[in-house]
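Residue numbers for the sequence shown follow the numbering used here, beginning at 1042 and rising by one.
All C-beta atoms in this analysis are idealised placements derived from N, C-alpha and C, irrespective of residue type, glycine included.
Right, one structure below, let's go through it.
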Amino acid sequence: MTSEELPYRMRGHRVPEFSSAQIGAVAQRVCGALRLRRRSFRPGTVEKLVAQLEHYRIYVDPIEDEEWLDATRATVNPQTGMIYMPLKLYNELCRGKPEAIRIFLHELGHIFLCHKPMLHFSDGPGKQEYDSEWQADFFADSVIEYLNLPRFDGQLELKF
């Protein structure tokens, strides 16, 4: 069996389907609504962006590195608008590091795509368009491309 014939392996929760075009459109609307620009992610300006997000009930909670459970790089609760990340990652975000920006945008993607687990017991094969992790990755990459931010091409994943 070739890789094209293998069923898609879901990395996240099954969520309502979004195509790449739909996700790209959401990403552009979010950039417009929040007035995100390339300079929004420059060192010294990210703190302003984080404060601005609080007006939309989106909160970033940096956790002391020693207290962080190292299973993920960051995590989010889309229903409460809380993004949790280790302090080290938050500091890298504030310094404008591309990997930290992508992780942050990935977590924002979960919020703006309204991710909530569903279809837990679906018998149908997985498709990337139903995968919350693929959608959040695509959202992050769409914002990065739209704002012409420096790219980080590593895949975001759980650490085991």
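Please confirm if the stretch 1108–1127 is in contact with the stretch 1051–1067, defined as three or more CB-CB distances below 8 Å between the two stretches. no
Please report how far the alpha carbon of Q1120 lies from the alpha carbon of L1047, in whole angstroms. 33 Å
Fully enclosed by the stretch 1083–1143, which alpha helix (DSSP H) runs are 4 residues long or longer? Counting only runs of 4 or more, we get 1087–1095 and 1128–1135.
C1155: first and last residue of the uninterrupted alpha helix (DSSP H) it sits in: Where C1155 is concerned, there is no enclosing alpha helix (DSSP H), given that its DSSP letter is neither H nor E.
Count the other C-beta atoms from every protein chain shown that fall within 10 angstroms of the C-beta of Y1049, then say buried if there are 16 or more, exposed otherwise. exposed
Using a threshold of 8 Å, state whether the C-beta atoms of L1087 and I1124 are closer than that. In the sequence as displayed, the identity of residue 1087 is Val instead of Leu. Not in contact: V1087 and I1124 (Cβ atoms no closer than 8 Å).
Kindly indicate which three-state DSSP category R1050 falls into: helix, strand or coil? coil
For Q1069 and Y1187, I'd like the C-alpha separation in whole angstroms. 7 Å
Check whether the Cβ of G1085 lies closer than 8 Å to any Cβ atom in chain D. Structure shown: chain D not included; a single protein chain is present.
Quick one: is K1200 buried, meaning 16 or more other Cβ sit within 10 Å of its Cβ, or exposed? In this prediction, K1200 has a pLDDT of 49, which is less than 50 and means its spatial position is unreliable; what the coordinates show is noted afterwards. That one is exposed.
Using the Cβ count rule (16 or more neighbours within 10 Å means buried), how would you classify P1084? exposed
Please tell me whether V1067 and L1154 are closer than 8 Å, where the distance is taken between their beta carbons. yes
For G1150, which option in E1140, G1122, C1135 and Y1131 has the closest C-alpha, if you only look at C-alpha atoms? Closest option to G1150, Cα to Cα, is G1122.
Looking at P1103 and the ligand SAM, is the gap between the Cβ and the nearest heavy atom below 7 Å? Ligands in the displayed structure: none, and consequently the ligand SAM is not present.
Going by the CB atoms, is the gap between E1170 and F1059 shorter than 8 Å? yes
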